[in-house]
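The listed protein sequences derive, respectively, from chains A and B.
Residue numbers 4 to 276, in our numbering, belong to the letters of the first sequence in order.
Residue numbers 15 to 364, in our numbering, belong to the letters of the second sequence in order.
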Amino acid sequence: MSKGFNWAMRICLWIVLLFMYIPIIAIIGMSFNKTSYGMFPYVFTTQWYRVLATTSNLPAACWLSIKFSALVAVAALIIGTMTSFGLQYFSPKMAKRFNFVMQLPIIIPWLVTSISILLLFTFMGSGRSYPVMFLGNLIVVLPYVVMLVNNRFVEMDRTPEAAARLLGAGPMRVFCDVTLPGIMPGILAGGMMALIVCFNNFVLQYYLSPVAVDTLPVTVFTRIKSGYQADLNALSAIIILIAVIIVVIMTRLGYSGGSLFGMSSGSGKQKGD
Amino acid sequence: MAELIVKDLDKSFDQHQVLKGISFSVKSGDFLSLLGPSGCGKTTILRIICGLETADAGEVLVDGKDVTKVRPEKRDIGLVFQNYALFPSMNVAKNVGYGLKMHKVPKEEIDRRVSEALELVKLGGYENRRVKQLSGGEQQRVALARALVTKPRILLLDEPLSALDRKVRAEMQYEIRNIQRQVGITTVFVTHDQEEALTMSDQIILLNQGHIEQQGDPYTIYSQPATEFASDFLGKANLLTGTLTEADGKWFVAGEKFRIPVNHCGGKEGDTVKAAVRGEYFEFCAQGDEGANPFHLEKKIFTGLSWKLIGALGEQPVDISALGMLADGLDEGADLFVRIRADNVVYYNN
């Protein structure tokens, strides 16, 4: 390929990367700026972090969102892992059909899902409440867990489980000693995905959260409509930092994003090519 | 040490019947091979014996006790898998000691028996290695140690050598047999490699499409194949079509320009039969010698150990294998004479 083409491609790559990361970098910068709306002159201050730590309503909402997402993720992991485990005993034809049904909640717009749930529960007389919000979020994240764990089941060698069986381990022991370590990357990936999707899920929480209970996405939405303050930038910067730390730790532990989600990472070039 | 009896096993997958009334027994301490082409049901038999698969009908008896309904973890039968099936999350010692841990053996005894088992498979000192660091041959040894350390009553080997390269395979054949004799464990070995079965076994069962073609010791199976399939599967015998004839109380299979002696085992004079003769049982002789048949040598192929001589006995194609000292001097296109002893010929009346 020509040199000029190569250079053009390289420049394109950098433009895309810049486009992806400039907003993230900008918000970190702005969290240390004195004015709220990202205007110049840039005056360094840590006052927004102080606001965040004292008067802001964001930490409470954030903490609620974390607790809620964790609860949803744990429930999704337990149900999802059991579902994928059971799915392995289906005939290939049935498994395919089941997968199709299972994946629908990802494809159906969340807007539709949330309105249907709201309608159903209003009809049943309960309306917006914690259990309804919990169920709604669970429905949406469950397919991710099932898909990611199922992916591990399909990829991994199942004969060690038979071997453990013949060495005297009962079905429960086999699951804990052999199956679980094998599907662990899928469970980690599924758990992460469930946590993030739920933490983010404005649509479902906006429609289903109990009255006067605001999760972080809902709070942020209200704040942007009325009374934007840069403590939001400070919170964003902290969340970004935590996300970076998690990715670094996962990579150190040998779980790169690609290996977890069953996709390849790195370049297609092999050593020695 | 235990005696294994398998009775009338039937098994179907969907509409396809893979086992049709399989029955056999293995004497305590014997080494039995189930030999057959892929899809003949040999692995299914193994999986039924250890309980990973359920038979539609029939039973499995260990030392006279019916274990057909016993769950696999209670059967006390060891299995070595083709792909080793080691636990990737555990090191070598944990892998080998897993069965002992399941049987609630005290920790010190586990450590001791694991070292012993690793010594037995010549992997002493490998306790703390990670499974992924081992070569294929080493992994298979670990799998063997893991299966033997709990002292199961019966050892099953499911094509344990087919993933190894030729040299390691030969070494492991010898070693598995050696260890099996040392431990004295009743063993069932599944393979599609006839050479492997012949080298290692006390008894061989030849399977084809879900039924037993022949059972016997390696020499009998090889030299007296009971069916056409057996003669073809074990080292490809020559099949010669001819007429059964009797002369002076001796029996022959005769065809166009050839006549070979046979031991009479059924059939009457004039029947059309197929005689199976292995290539290495032909002997070169001179014209006019007793039993001499004309052989036209068409092509010579060097295979290392011997020459493969492709030609025709009378009108029918025949492959003869001959050692270098006999065949080095022969030219392609030569007309020669060969003979064969009746003991080395079998015929099938059909």
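The beta carbon of each residue, even a glycine, is placed where N, CA and C say it ideally should be.
Just so we're clear, the structure is a prediction, and the values are computed from it rather than from any experiment.
Residue i versus residue j: straight-line alpha-carbon distance, rounded
i, j, result
"leucine 148 of chain B", "tryptophan 51 of chain A", "56 angstroms"
"glycine 151 of chain B", "glutamine 223 of chain B", "31 angstroms"
"isoleucine 124 of chain B", "valine 156 of chain B", "15 angstroms"
"arginine 191 of chain B", "leucine 93 of chain B", "15 angstroms"
"cysteine 54 of chain B", "phenylalanine 124 of chain A", "58 angstroms"
"methionine 33 of chain A", "asparagine 236 of chain A", "7 angstroms"
"glycine 275 of chain A", "asparagine 9 of chain A", "Note that glycine 275 of chain A has pLDDT 40, beneath the 50 cutoff, so the model's placement of it is unreliable and the number below is only indicative. Each residue's alpha carbon lies about 22 angstroms from the other."
"valine 352 of chain B", "glutamate 294 of chain B", "11 angstroms"
"lysine 38 of chain A", "valine 46 of chain A", "The displayed chain sequence assigns threonine, not lysine, to residue 38 of chain A. Approximately 8 angstroms, taken between the alpha carbons."
"aspartate 207 of chain B", "aspartate 357 of chain B", "26 angstroms"
"serine 42 of chain B", "methionine 105 of chain A", "52 angstroms"
"isoleucine 118 of chain A", "lysine 96 of chain A", "32 angstroms"
"phenylalanine 247 of chain B", "arginine 126 of chain B", "45 angstroms"
"aspartate 333 of chain B", "lysine 250 of chain B", "9 angstroms"
"phenylalanine 93 of chain A", "glycine 35 of chain B", "29 angstroms"
"lysine 79 of chain B", "alanine 172 of chain A", "22 angstroms"
"threonine 225 of chain A", "serine 68 of chain A", "15 angstroms"
"leucine 238 of chain A", "threonine 58 of chain A", "13 angstroms"
"asparagine 36 of chain A", "asparagine 60 of chain A", "20 angstroms"
"glutamine 96 of chain B", "glycine 189 of chain A", "26 angstroms"
"threonine 116 of chain A", "lysine 146 of chain B", "46 angstroms"
"isoleucine 249 of chain A", "valine 163 of chain B", "42 angstroms"
"leucine 66 of chain B", "proline 86 of chain B", "6 angstroms"
"isoleucine 25 of chain A", "serine 212 of chain A", "33 angstroms"
"serine 268 of chain A", "glycine 111 of chain B", "Note that serine 268 of chain A has pLDDT 48, beneath the 50 cutoff, so the model's placement of it is unreliable and the number below is only indicative. Going from the Cα of serine 268 of chain A to the Cα of glycine 111 of chain B covers about 36 angstroms."
"cysteine 179 of chain A", "leucine 55 of chain A", "43 angstroms"
"threonine 286 of chain B", "phenylalanine 243 of chain B", "18 angstroms"
"isoleucine 241 of chain A", "asparagine 102 of chain A", "37 angstroms"
"phenylalanine 309 of chain B", "glutamate 189 of chain B", "42 angstroms"
"valine 148 of chain A", "leucine 183 of chain A", "14 angstroms"
"valine 115 of chain B", "isoleucine 142 of chain A", "Note that residue 115 of chain B is lysine in the sequence shown here, rather than valine. Distance between the alpha carbons of lysine 115 of chain B and isoleucine 142 of chain A is about 40 angstroms."
"leucine 80 of chain A", "glycine 194 of chain A", "6 angstroms"
"lysine 264 of chain B", "alanine 16 of chain B", "46 angstroms"
"alanine 300 of chain B", "alanine 306 of chain B", "7 angstroms"
"histidine 30 of chain B", "threonine 57 of chain B", "15 angstroms"
"glycine 338 of chain B", "phenylalanine 298 of chain B", "13 angstroms"
"glutamine 273 of chain A", "leucine 20 of chain A", "Because the pLDDT at glutamine 273 of chain A is just 45, under 50, the model does not fix this residue reliably, and the point stays unresolved."
"glycine 347 of chain B", "glutamate 173 of chain B", "42 angstroms"
Test: residue i CB closer than 7 angstroms to a CB of chain C
i, result
"arginine 131 of chain A", "Considering every chain present, this structure includes no chain C. Its protein chains are A and B."
Residue i: contacting residues in chain A (beta-carbon distance under 8 angstroms)
i, result
"isoleucine 91 of chain B", "Leu169"
"threonine 241 of chain B", "None at all; the shortest Cβ gap to chain A is about 34 angstroms."
Expected contact under 8 angstroms - CB spacing of residue i and residue j to nearest Å
i, j, result
"valine 74 of chain B", "valine 20 of chain B", "6 angstroms"
"alanine 107 of chain B", "glutamate 141 of chain B", "4 angstroms"
"serine 47 of chain B", "threonine 205 of chain B", "6 angstroms"
"isoleucine 76 of chain A", "alanine 197 of chain A", "The residue you asked about is not isoleucine; residue 76 of chain A is alanine in the sequence shown. Confirmed, Cβ separation roughly 4 angstroms."
"aspartate 70 of chain B", "aspartate 28 of chain B", "Incorrect: roughly 12 angstroms between the Cβ atoms, too far for contact."
"isoleucine 199 of chain B", "leucine 49 of chain B", "About 20 angstroms; that fails the 8 angstroms criterion."
"alanine 159 of chain B", "leucine 132 of chain B", "6 angstroms"
"leucine 207 of chain A", "glycine 139 of chain A", "5 angstroms"
"leucine 167 of chain B", "isoleucine 91 of chain B", "One detail in the question is off: residue 167 of chain B reads as arginine in this sequence, not leucine. With a Cβ gap of about 7 angstroms, arginine 167 of chain B and isoleucine 91 of chain B count as contacting."
"isoleucine 354 of chain B", "valine 267 of chain B", "Wrong, their Cβ atoms sit about 11 angstroms apart, outside the cutoff."
"valine 276 of chain B", "valine 359 of chain B", "5 angstroms"
"isoleucine 82 of chain A", "leucine 145 of chain A", "6 angstroms"
Where residue i meets chain B, residues with beta-carbon distance less than 7 angstroms
i, result
"alanine 192 of chain A", "Those within 7 angstroms of alanine 192 of chain A in chain B number zero; the least Cβ separation is about 17 angstroms."
"alanine 172 of chain A", "Glu87 and Met116"
Amino acids of chain A, ordered along the chain, whose beta-carbon sits closer than 9 angstroms to that of residue i
i, result
"leucine 66 of chain B", "Ala165, Arg168 and Leu169"
Open item on the list: Runs of 4 residues minimum, wholly inside the region 17 to 72 of chain B: which ones carry the alpha helix (DSSP H) assignment?
Closed with: Listed in chain order, they are 56 to 64.
Open item on the list: Taking beta-carbon pairs under 8 angstroms, can you tell me which members of the region 93 to 125 of chain B lie near chain A?
Closed with: Across the region 93 to 125 of chain B, CB contacts with chain A closer than 8 angstroms involve Leu93, Phe95, Asn97, Ala99, Leu100, Phe101, Pro102, Ser103, Tyr112, Gly113, Met116 and His117, in sequence order along the chain.
- [ ] Could you list the residues in the region 156 to 167 of chain A with a C-beta less than 8 angstroms from some C-beta on chain B, going in chain order?
- [x] Cβ contacts with chain B: Asp160, Thr162, Pro163, Ala165, Ala166 and Ala167.
Open item on the list: Give the list of continuous beta strand (DSSP E) stretches no shorter than 3 residues that lie fully inside the region 307 to 363 of chain B.
Closed with: Correct list: 307 to 316, 321 to 327, 330 to 336, 349 to 353 and 359 to 363.
- [ ] Taking only beta carbons into account, state which residues of the region 174 to 190 of chain A come closer than 8 angstroms to chain B, listed in chain order.
- [x] Those would be Arg176, Asp180, Val181, Pro184 and Gly185, in chain order.
Open item on the list: Going residue by residue through the region 185 to 240 of chain B, where are the continuous beta strand (DSSP E) segments of at least 3 residues, counting only ones entirely within it?
Closed with: The qualifying runs are 200 to 205, 217 to 222 and 225 to 230.
Open item on the list: Please list, in chain order, the residues of the region 162 to 192 of chain B that have any C-beta partner in chain A closer than 8 angstroms.
Closed with: For the region 162 to 192 of chain B, the set of residues with a beta-carbon nearer than 8 angstroms to any beta-carbon of chain A comprises Thr164, in chain order.
Task: Secondary structure, alpha helix (DSSP H): runs of 4+ residues fully inside the region 210 to 258 of chain A - done: Unbroken alpha helix (DSSP H) stretches of 4 residues or longer found wholly inside the region 210 to 258 of chain A: 219 to 228 and 234 to 255, given in chain order.
Open item on the list: For a minimum of 4 consecutive residues, which ranges assigned as the alpha helix (DSSP H) are wholly contained in the region 113 to 164 of chain A?
Closed with: Positions of the alpha helix (DSSP H) runs, each at least 4 residues long and wholly inside the region 113 to 164 of chain A, are given as 113 to 127 and 133 to 158 in order along the chain.
- [ ] Run through the region 236 to 288 of chain B for me and flag every whole alpha helix (DSSP H) of 4 or more residues, listed as ranges in chain order.
- [x] Listed in chain order, the alpha helix (DSSP H) runs fully inside the region 236 to 288 of chain B are 242 to 247, counting runs of at least 4 residues.
Open item on the list: List, from N- to C-terminal side, the beta strand (DSSP E) runs of 3 residues or more that fit wholly inside the region 64 to 134 of chain B.
Closed with: Here the runs fully enclosed are 71 to 76 and 91 to 94.
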